[in-house]
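*Asks:* The following block contains the structure, expressed as C-alpha cells.
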Amino acid sequence: MTPAELPDTGMNASEVLLHIVGGVCLLLWGVSMVSTGLNRAFGASLRRVISHSTSNRFKAFGVGVCVAALLQSSTAASLIVSSFAARNIVTISGALAVMLGADVGTTLAAQLLSRDLGWLLPVLLTAGYIVNKTMEESQYKHVGRSLVGLGLILISLSMIKTVAAPLGQSEAVHVLIEPLSSQPILAILLAALLTWIVHSSLGMILIFMSFAAVGTIPLHLGFALVLGANIGGAIAPVIMTLRDIPAGRRVPLGNLLIRSLGVLICLPLLSQVEPLVAEFDPDPARQLVNFHTAFNLALAVLFMPFIGPLTRLSEKILPDRPREEDESLPRYLDPTAISTPAAALACVARETLRVSDIIQGMMRDTL
C-alpha cells in the first residue's frame, strides 16, 4: 500500500473521496425522487387531509406522521401547513401538532432503510420502471418514480458502506474525526449546516448511519450528528418562508424552537443515552436510527402539552403587521427552493393562492 492509498481499498484518497461523494449524491437524488414522486401522486389528497385534521391536536399529530412517512420530507409538510396557516385554513397550534407528527413520520423511512433490503433492489427497479411506463396517463405513474428512487437509495447505501468500511482504520480519517468526537457542539453545528445545504434530514441521517455501520465514525459522534441533522432539517423551512406573512412563518419557527430546545435538553444526557440505545440493538446503524426515532418521539411527548404556550411565543416573536410590500410582486417564489421540487411546488401553490385572493378581492370590489 502506498502512502496515498487507504487500507483495504486499493484506491488512493482522491478516489475514495470521489466514490463517497458520488454515493452521497446518488443517495440524495434517490431521496428526492421518492419524495417528489409521492408528492405528485398523492400531494393534493394529502393537502386536503391536512386541512381537515387540525381541530384535534392528537388527530393532527397522527396525520403529520402519515403525511411525512409518505412524502419522506418534513420540509414539504412544513411548507404545506405553513401555507394553510398563512390563509387561516388551520390554526398555528394545530399546524405545530402536525409538525410534531411529521418529524416522527420522517424517522419511519429511516427505520425501513436501515434494514437489509438488498434483496428488494431488482424488484424495486423493475416494478418502478413498469409502473412508470405503463401508467403514463395516470398520476400514479409517479409511484414508479418513487420505487426507482428507493432502488437508487439502496444502491447508494451499499456503495457508501463498501468504500467507507476501511476508513475506520485510516489514521488520516481519525485525525479529521477526533475534533468532532471531542466537541459535540461543533459536530451538531456542522451536521445542521450540511443538512440545511442539502435540504434533506433523511438523506443526512442515512449518510451518518452508513458511516456508523462500518465504524468510520464512533457512535457517540453519530448521536451528535443526528441531533444536528434534526436542527438543520428545521432550518430550511424557516429560510424558505422568510418572505411570508407572519402567520405563515410561525409554524417553521415553532418547529425550529422545539427541535433546538430538544437538542439542548438531550445534549448533556448523551453519555447516559448511548448504553440505553445499545440494549435494544447491537448494530451501530440501527442504534443511530433508533436514537433518531426516540428523540423525535420524546419531543412529541414533551412538547405536545405545551403547544399553546409555543404558539403564543411564536406570535410574540412574529406579531401581525400591516402589509407594506408591493402586492404586484411575487412574495412566495423562493429561488433557493428550485433544487427541491416538493418545496418549489409548495411555493408555487402558495403564490397561486395569494394571486387568487387578490383577484377575488378585485372581483368583489367590482361587483
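Residue numbering for the sequence shown follows the working numbering, starting at 386 and increasing by one per position. Yeah, the Cβ is synthetic: ideal placement off N, Cα and C, and Gly gets one too. Quick caveat: nothing in here was measured; it's all calculated off a predicted structure.
With a CB to CB cut of under 8 Å and the five nearest residues on each side skipped, what residues in its chain are close to L738?
*Replies:* Hits under 8 Å: S468 and R472.
*Asks:* For the candidate residues I592, V475 and S436, whose alpha-carbon lies nearest to that of L610?
*Replies:* Per the Cα distances, I592.
*Asks:* May I ask which residues mark the beginning and end of the alpha helix (DSSP H) holding Y514?
*Replies:* Residues L506 to T519.
*Asks:* Is the number of C-beta pairs between the region 694-708 and the region 634-646 that are closer than 8 Å three or more?
*Replies:* Yes, the region 694-708 is in contact with the region 634-646.
*Asks:* What does a CB cutoff of less than 6 Å around F596 pick up in its chain, not counting 5 residues either side in sequence?
*Replies:* Excluding residues within five positions, the ones whose Cβ falls inside 6 Å are A549 and I602.
*Asks:* Could you check where the alpha helix (DSSP H) with P704 kicks off and where it finishes?
*Replies:* Premise fails: P704 is in no alpha helix (DSSP H) and is neither H nor E.
*Asks:* Consult DSSP for N473 and reduce its assignment to one of helix, strand or coil.
*Replies:* If DSSP states are grouped into helix, strand and coil, N473 belongs with coil.
*Asks:* With C-beta atoms as the reference, is V452 less than 7 Å away from L431?
*Replies:* Cβ distance < 7 Å, so V452 and L431 count as in contact.
*Asks:* How long is the line joining the alpha carbons of I465 and L493, rounded to whole angstroms?
*Replies:* Cα to Cα, I465 sits roughly 20 Å from L493.
*Asks:* Quick one: using the 10 Å Cβ neighbour count with 16 as the cut-off for buried, is C410 buried or exposed?
*Replies:* So C410 counts as exposed.
*Asks:* Drop a sphere of 10 angstroms on the beta-carbon of Q745, count the other beta-carbons inside from all chains shown, and report buried for 16 or more, exposed for fewer.
*Replies:* Under this definition Q745 is an exposed residue.
*Asks:* For N424, count neighbouring C-beta atoms within 10 Å of its own C-beta (all shown protein chains included) and say buried if the count is 16 or more, exposed if not.
*Replies:* It counts as buried.
*Asks:* Can you name the start and end residues of the alpha helix (DSSP H) that P660 belongs to?
*Replies:* Taken as a continuous stretch (DSSP letters only), the alpha helix (DSSP H) holding P660 covers L655 to F665.
*Asks:* Can you check which of these residues, M689, L718 and I573, is closest to M625 by C-alpha distance?
*Replies:* Closest by alpha carbon: L718.
*Asks:* For R530 and T580, what's the separation of their Cα atoms in angstroms?
*Replies:* Near 24 Å, if we compare the C-alpha coordinates of T580 and R530.
*Asks:* Apart from the five residues just before and just after D666, which ones in its own chain have a Cβ nearer than 7 Å to its Cβ?
*Replies:* Closer than 7 Å at the Cβ level, and outside the excluded window around D666, lie Q672 and N675.
*Asks:* Excluding five sequence neighbours on each side, which residues of the same chain lie with their C-beta closer than 7 Å to the C-beta of L537?
*Replies:* Cβ neighbours of L537 beyond the five flanking positions: L411, W414, G415 and M418.
*Asks:* Within a Cβ cutoff of 8 Å, which residues of the same chain sit near P388, ignoring the five residues on either side of it in sequence?
*Replies:* Reliability of the predicted coordinates at P388 is poor, the pLDDT of 43 falling under 50, and no value is obtained from them.
*Asks:* Would A480 and A470 be called neighbours here (beta carbons separated by less than 7 Å)?
*Replies:* Result yes, Cβ atoms of A480 and A470 sit closer than 7 Å.
*Asks:* Assuming G573 and L612 make a contact with CB atoms under 8 Å, what is their CB distance in whole Å?
*Replies:* Here residue 573 is Ile; the residue named in the question, Gly, does not match the sequence. Indeed they touch by this definition, with Cβ atoms about 5 Å apart.
*Asks:* Do you know whose CA, among V448, A426, F427 and F443, lies nearest S436's CA?
*Replies:* Residue V448 is the option with its Cα nearest to S436.
*Asks:* Note the first and the last residue of the continuous alpha helix (DSSP H) segment covering S645.
*Replies:* Taken as a continuous stretch (DSSP letters only), the alpha helix (DSSP H) holding S645 covers P631 to C651.
*Asks:* So what's I465 in DSSP terms, helix, strand or just coil?
*Replies:* Note: I465 maps to helix in three-state DSSP.
*Asks:* When you compare only the Cα positions, how much space is there between A734 and M484?
*Replies:* Near 19 Å, if we compare the C-alpha coordinates of M484 and A734.
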